[in-house]
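Residue numbers for the sequence shown follow my numbering, beginning at 89 and rising by one.
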Amino acid sequence: MTINPVHSHIDNKVTHFVGIQKDVTEKKALDMELQQDLQLAKNLQQMMLSNSITDHSISISGFYLPCQNLGGDFYKWEKVNENQYAIFIIDVMGHGISPSLLTMSLNAEIKSSINQGIINPVDVMCNLNNHMFDIIPEETNILRHYFTCIYLLVDTKLRKVDYINAGHPTFYQKDGNNIQAFESTTTPIGLLRFFDCEAHSFSYNKDCELLLYTDGLTDHLQRDLQPLMAGEQTLEQIKKFDYSQTNDDICVVSVLLKGI
Numbered sequence: 089m090t091i092n093p094v095h096s097h098i099d100n101k102v103t104h105f106v107g108i109q110k111d112v113t114e115k116k117a118l119d120m121e122l123q124q125d126l127q128l129a130k131n132l133q134q135m136m137l138s139n140s141i142t143d144h145s146i147s148i149s150g151f152y153l154p155c156q157n158l159g160g161d162f163y164k165w166e167k168v169n170e171n172q173y174a175i176f177i178i179d180v181m182g183h184g185i186s187p188s189l190l191t192m193s194l195n196a197e198i199k200s201s202i203n204q205g206i207i208n209p210v211d212v213m214c215n216l217n218n219h220m221f222d223i224i225p226e227e228t229n230i231l232r233h234y235f236t237c238i239y240l241l242v243d244t245k246l247r248k249v250d251y252i253n254a255g256h257p258t259f260y261q262k263d264g265n266n267i268q269a270f271e272s273t274t275t276p277i278g279l280l281r282f283f284d285c286e287a288h289s290f291s292y293n294k295d296c297e298l299l300l301y302t303d304g305l306t307d308h309l310q311r312d313l314q315p316l317m318a319g320e321q322t323l324e325q326i327k328k329f330d331y332s333q334t335n336d337d338i339c340v341v342s343v344l345l346k347g348i
């Protein structure tokens with residue numbers, strides 16, 4: 089309730105008071121419902137993140153920290169067959185509800201492609217680009233969303249990694265004392281209707297580690313990640329930093345590959 093004085097128009101003295109009571113019950117109920125919806129969406133987004141995999145020839149694990157309840161970063165991996173693994177890290181531009189909904193849609197599209205046996209990097213990325221334009225047609229006035237992405241197709245039998253880096257930050261391979269950087273090879277997905285990309289590949293013979301991350305990590309740490317990779321258990325080192333003041337989503341994937 090708010091109480092306001094009423095003044096006389098003759099001598100400007102207070103003659104009485106007027107009380108105004110506002111019914112905020114309905115607004116509180118709507119706010120509570122919104123918070124419950126956001127919590128449900130957050131739970132669903134957390135559930136779609138892949139669980140760690142540890143096989144005799146490969147280990148995959150991740151770290152995810154949204155700066156708000158909902159984020160636009162996510163990772164996903166699937167064991168395709170006895171020897172092949174499909175690994176994704178994605179950063180949808182923006183924060184909040186729209187990017188989080190897109191991550192859920194992309195997660196479903198990736199799963200559908202893999203279930204259909206579509207694992208070739210070029211085919212997968214082109215499908216994702218088409219999917220973005222199916223969701224948001226060019227002729228609509230809806231804000232155009234896009235995302236950066238790295239897709240790795242690991243073959244542990246051939247000890248080979250095929251990849252496409254679509255506008256995403258550089259990822260690294262640590263092979264013994266050597267650290268190699270793999271930069272972006274094409275544009276982000278969802279920007280251009282006709283998506284042009286080419287798969288690249290590298291082989292490994294020794295035990296090695298691959299580190300993938302979204303730009304929220306480097307923006308927050310303000311440091312080069314290569315020195316971190318010089319030590320052991322890179323992902324565990326990254327988890328130990330203070331992220332209480334971060335203003336962007338953070339997503340990291342570590343892949344440990346067994347050599348000969």
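Think of the CB as a built atom: it goes at the ideal place given N, C-alpha and C, for glycine as much as any other residue.
For Leu-153, same chain residues with a beta-carbon under 6 Å away, outside a window of 5 residues either side, are Tyr-331, Ile-338 in chain order. Nearest to Asn-131 by C-alpha distance, out of Asp-303, Leu-316, His-256, Ser-188, is Ser-188. Its Cα nearest to that of Leu-137, the residue Val-340 stands out among Met-220, Thr-334, Val-340, Ala-254.
Taken atom to atom, the span from the alpha-carbon of Val-242 to that of Ile-252 is near 12 Å. Rounded to whole angstroms, Val-249 and Ser-291 show a C-alpha spacing of 6 Å. Note on Asp-161: 16 or more other CB atoms within 10 angstroms of its CB, so buried under the neighbour-count rule. In the structure shown, the three-state DSSP call for Asp-243 is strand.
Under the three-state reduction of DSSP output, Ala-269 falls in the strand class. The alpha-carbon separation between Glu-297 and Ala-117 amounts to approximately 50 Å.
The bridge partners DSSP lists for Glu-166 are Ala-174. Judged by DSSP secondary structure, Asn-253 falls within the beta strand (DSSP E) whose first and last residues are 248-254. In terms of Cβ geometry, Asp-284 and Thr-274 form a close pair [threshold 8 Å]. Taking the Cα of Gly-264 as reference, the smallest distance to any Cα among Tyr-239, His-288, Pro-257, Lys-294 is reached at Lys-294. No Cβ-Cβ contact shorter than 8 Å links Val-212 with Ser-200. DSSP assignment within the region 192-240 yields the following whole alpha helix (DSSP H) runs of 4 residues or more, N-terminal first: 209-223. The beta-bridge partner set that DSSP reports for Tyr-260 consists of Ala-269, Leu-299. Residue pairing for Thr-142: DSSP places it in a beta bridge opposite Ser-147. Ranked by Cα distance from Phe-259, the options Asn-217, His-233, Glu-227, Thr-306 are led by Thr-306. Your pair His-256 and Asp-179 checks out as a contact, with CB atoms roughly 7 Å apart and the cut at 8 Å. Residue pairing of His-288 in beta bridges, as defined by DSSP: Tyr-251. One thing to note: Leu-309 has its Cβ no nearer than 8 Å to the Cβ of Ser-149. With contacts defined by Cβ atoms closer than 8 Å, Lys-346 and Ile-146 form a contacting pair.
Here DSSP, grouped into helix, strand and coil, assigns Thr-322 to helix.
With fewer than 16 other CB atoms across the displayed protein chains lying within 10 angstroms of its CB, Thr-113 is exposed.
In the three-state DSSP reduction, Ser-186 falls in the helix class (H, G or I).
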